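The structure under discussion appears below in the form of structure tokens.
Protein chains: 2
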Amino acid sequence: MTRADGTAAQPRIDGLQYARWSEKVFRQMRAGRVDAVHATICYHESFRETVETIVAWNRLFASHADLVFHGVAAADVDHARAQGRTAIFFGAQNPSCLDGDIGLIEVLHRLGLRFLQLTYNNQSLLGTGHAEAEDAGLTRMGREAVAEMNRLGVAIDMSHAGERTTLEAIAASTRPVTVSHANPASWHDVSRNVSDRVLDALRDSGGMLGFSLYPLHLKGGGACTLEAFCTMVARTAERIGVARLGIGSDLCQDQPDSVVEWMRNGRWTKRGAPAAFPDQPEWFRDNRDFDKLAAGLTAAGFDGEEVGMILGGNWRRFFADSFGPGR
Amino acid sequence: MTRADGTAAQPRIDGLQYARWSEKVFRQMRAGRVDAVHATICYHESFRETVETIVAWNRLFASHADLVFHGVAAADVDHARAQGRTAIFFGAQNPSCLDGDIGLIEVLHRLGLRFLQLTYNNQSLLGTGHAEAEDAGLTRMGREAVAEMNRLGVAIDMSHAGERTTLEAIAASTRPVTVSHANPASWHDVSRNVSDRVLDALRDSGGMLGFSLYPLHLKGGGACTLEAFCTMVARTAERIGVARLGIGSDLCQDQPDSVVEWMRNGRWTKRGAPAAFPDQPEWFRDNRDFDKLAAGLTAAGFDGEEVGMILGGNWRRFFADSFGPGR
């Protein structure tokens with residue numbers, strides 16, 4: 001298959017999704033030629049509950065082996081391309097799955113975990129999320145966790161974290177760090193997006209920013225245009241370089257609204273308000289819309305190689321840097 | 328290092344131990360030139376508790392990397408020999424660690440589980456243990472578990488099972504089955520030992536019997552002589568062949584008596600009587616005593632190659648047959 005956008009030389013990777021996984025979604029991944037997806041397996045779940053999710057994934061891998069498989073190494077992206085399948089890489093958005101036990105990072109790594117967020121909105125045992133009033137930075141256990149993740153090859157994901165915790169994690173880590181799904185706050189100023197200081201720290205440390213397509217992270221929400229989004233990507237490239245950029249769409253396709261309530265409220269509040277998923281931009285509704293992103297990025301001035309880097313080539317490099325044993 | 332007993336060509340493997348693991352025990356393994364040990368990680372524990380034991384093992388592997396490492400494939404026996412270390416293979420003596428979920432066999436396999444007993448003395452979800460009055464054989468879930476273990480490469484261990492369940496598991500399995508730690512009931516008639524029917528089924532299916540050195544399984548208990556034990560091994564070889572025989576010492580070295588109470592009573596009874604570990608035979612107290620076994624087997628008439636088979640060569644073959652993915 002040739003690609004009009006000139007990105008055929010590089011894999012296509014989404015740095016964050018949490019769909020209601022189904023054959024339909026997997027077929028859309030194939031239709032969109034998405035070679036690899038970082039899939040969330042934990043929002044507020046305990047270790048035991050996270051293992052239930054892994055068991056459910058194992059069933060999906062067995063029943064849809066023609067479409068998806070469990071990715072654990074960067075080379076699995078290449079295997080996926082060669083086989084016409086999509087490699088699913090597990091990630092946790094919350095260290096709740098550690099049950100407070102540093103030893104469970106190694107256990108979860110063995111079970112395939114390749115990304116771990118140090119915080120999810122709130123303060124955690126490891127650091128502080130963006131939604132807290134105060135961010136006291138990386139904790140004692142947070143520093144232990146960063147070292148253990150560096151050793152094992154679990155990527156440190158600072159999405160949903162506070163700025164200070166993010167900067168301290170980047171400084172503490174001996175390996176590149178990612179903010180897998182967020183946009184620059186200079187474009188759309190919400191606390192879930194990232195400051196220029198964080199962008200510069202990602203640049204200086206060889207990290208990665210995955211641009212989010214989740215409406216709350218977009219200027220104008222679901223009404224944000226493809227042109228506005230891609231212009232923002234171009235401005236970010238000017239600041240931190242094309243090599244630091246990827247997509248982390250945060251696509252929550254086909255999920256009922258109860259899922260966004262679980263994301264927001266977990267078990268930490270008894271006063272959680274009803275919540276609903278916002279409408280996606282009409283130009284990014286599912287995995288088939290990566291072609292539209294490619295066209296938009298080209299229109300924003302990126303050449304074919306650069307579009308390929310942003311849509312997956314950079315993630316492929318980050319996976320290779322992140323998932324092997326540490327030195 | 329040359330071995331006077333002529334067994335140097337084959338690895339030395341113990342098919343079952345549950346020591347209070349320590350540097351002392353690991354150094355004795357090295358002194359006894361034991362290349363691999365099947366170590367129990369579950370008696371009555373839940374999945375979550377079993378993971379705690381795996382975490383504790385990971386700490387031991389990290390702190391004693393010069394002496395032991397986590398074995399997962401037959402080739403690790405050879406790596407252990409080449410490196411002068413001991414490969415530790417995980418096994419569960421009770422399917423309690425499955426929490427009733429067939430999907431956890433795959434998860435535990437991923438975490439390194441290579442042996443799983445279908446029952447431990449009592450009736451389980453999979454079959455029935457030797458201590459029950461009635462044995463109704465392999466259950467519906469038991470048949471599913473056997474197929475899943477065959478698929479993944481988890482050895483089916485029928486120690487502690489009833490005769491009917493054992494025979495039905497051997498018949499249901501497409502891969503060789505073991506009774507990793509027991510002796511012939513024809514020699515010492517307790518229900519934990521195995522009948523001639525079970526021995527013949529192991530012979531006919533290419534399985535393995537690991538002879539136990541636990542006093543309750545020995546004729547005369549701790550007073551059993553090395554000569555009597557090795558004569559029994561020779562009689563068993565006459566019935567089922569040398570290739571079916573190994574050692575599964577059931578060594579519970581340095582454990583407090585509270586551990587044998589946990590083994591017997593778990594959480595299934597409120598009326599568990601106090602229990603104490605019996606005294607080991609003076610000729611088998613720790614891993615250094617494998618040399619004495621070698622001498623005793625030689626005295627009982629086995630040649631050097633046969634002694635090597637019984638002390639590890641046969642287990643090496645069984646590991647190779649058992650631990651890869653099923654066909």
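These protein sequence lines map, in sequence, to chains A and B.
The first sequence maps to residues 1 to 327 in this note's numbering.
The second sequence maps to residues 328 to 654 in this note's numbering.
We put the beta carbon where it would ideally sit given N, CA and C, even for glycine.
No experiment lies behind these values; they were computed from the predicted model shown.
Buried or exposed: which applies to residue i, given that a residue is buried once 16 or more other Cβ atoms fall within 10 Å of its Cβ?
i                  : result
Gly-312 of chain A : buried
Glu-306 of chain A : buried
Arg-175 of chain A : buried
Arg-59 of chain A  : exposed
Arg-571 of chain B : buried
Gly-100 of chain A : exposed
Ser-576 of chain B : buried
Ser-159 of chain A : buried
Gln-410 of chain B : exposed
Ala-363 of chain B : buried
Ser-180 of chain A : buried
Met-328 of chain B : In this prediction, Met-328 of chain B has a pLDDT of 37, which is less than 50 and means its spatial position is unreliable; what the coordinates show is noted afterwards. Exposed: under 16 other Cβ atoms inside 10 Å.
Asp-257 of chain A : exposed
Ser-22 of chain A  : exposed
Pro-608 of chain B : buried
Asp-76 of chain A  : buried
Arg-408 of chain B : buried
Arg-643 of chain B : buried
Mind listing the chain A neighbours of residue i? Cutoff is C-beta to C-beta under 8 angstroms, in chain order.
i                  : result
Arg-437 of chain B : Arg-110, Leu-111 and Gly-112
Glu-433 of chain B : Val-55 and Asn-58
Arg-375 of chain B : Phe-47 and Arg-48
Quick one: is residue i near chain B, going by C-beta distance under 7 angstroms?
i                 : result
Asn-58 of chain A : yes
Val-68 of chain A : no
For a contact defined as C-beta to C-beta under 7 angstroms, what are the partners of residue i on chain A?
i                  : result
Asp-428 of chain B : Val-55
Look at residue i and residue j and say whether their C-beta atoms are less than 7 angstroms apart.
i                  : j                  : result
Arg-412 of chain B : Leu-440 of chain B : no
His-391 of chain B : Phe-353 of chain B : yes
Ile-381 of chain B : Leu-443 of chain B : no
Gly-398 of chain B : Phe-617 of chain B : no
Thr-466 of chain B : Leu-453 of chain B : yes
Met-208 of chain A : Gly-246 of chain A : yes
Arg-347 of chain B : Gln-582 of chain B : yes
Cys-230 of chain A : Gly-162 of chain A : no
Thr-165 of chain A : Thr-128 of chain A : yes
Ala-155 of chain A : Ile-88 of chain A  : no
Val-107 of chain A : Val-434 of chain B : no
Asp-118 of chain A : Ala-62 of chain A  : The question names Asp, but residue 118 of chain A is Leu in the sequence shown. No, they are not a contact pair.
Val-473 of chain B : Ser-451 of chain B : no
Using beta carbons (cut-off 7 angstroms, strictly below), is residue i in contact with chain A?
i                  : result
Val-352 of chain B : no
Met-328 of chain B : Annotation note: pLDDT 37 at Met-328 of chain B (below 50); position unreliable, coordinate value reported separately. Met-328 of chain B does not count as touching chain A.
Please list the partners that residue i has in chain B, where partner means a Cβ-to-Cβ separation under 8 angstroms.
i                 : result
Val-51 of chain A : Phe-374, Leu-431 and Val-434
Skipping 5 residues on each side, what residues in its chain have a beta carbon closer than 7 angstroms to that of residue i?
i                  : result
Ser-191 of chain A : His-130 and Ala-131
Trp-610 of chain B : Leu-553, Asp-616 and Lys-619
Ala-564 of chain B : Leu-572
Gly-413 of chain A : The first residue shown for chain A is 1 and the last is 327, placing residue 413 of chain A beyond what the model contains.
Ala-268 of chain B : The structure shown has nothing for residue 268 of chain B, since chain B only spans 328 to 654.
Got a sec? Which residues, its chain only, sit under 6 angstroms from residue i by beta carbon, not counting five neighbours each side?
i                  : result
Leu-425 of chain B : Leu-431
Trp-57 of chain A  : none
Gln-10 of chain A  : Gly-308, Gly-312 and Gly-313
Asp-157 of chain A : Phe-115, Gln-117, Thr-178 and Ser-180
Ser-195 of chain A : Glu-163 and Ala-185
Gln-355 of chain B : Asp-613, Asn-614 and Arg-615
Ala-555 of chain B : none
Please work out which residues of its chain come closer than 8 angstroms, Cβ to Cβ, to residue i, disregarding the five sequence neighbours upstream and downstream, and give them in chain order.
i                  : result
Ser-46 of chain A  : Ser-96, Cys-97 and Asp-99
Leu-543 of chain B : Val-517, Arg-519 and Pro-605
Pro-601 of chain B : Asp-584 and Glu-588
Asp-200 of chain A : Arg-239 and Ile-240
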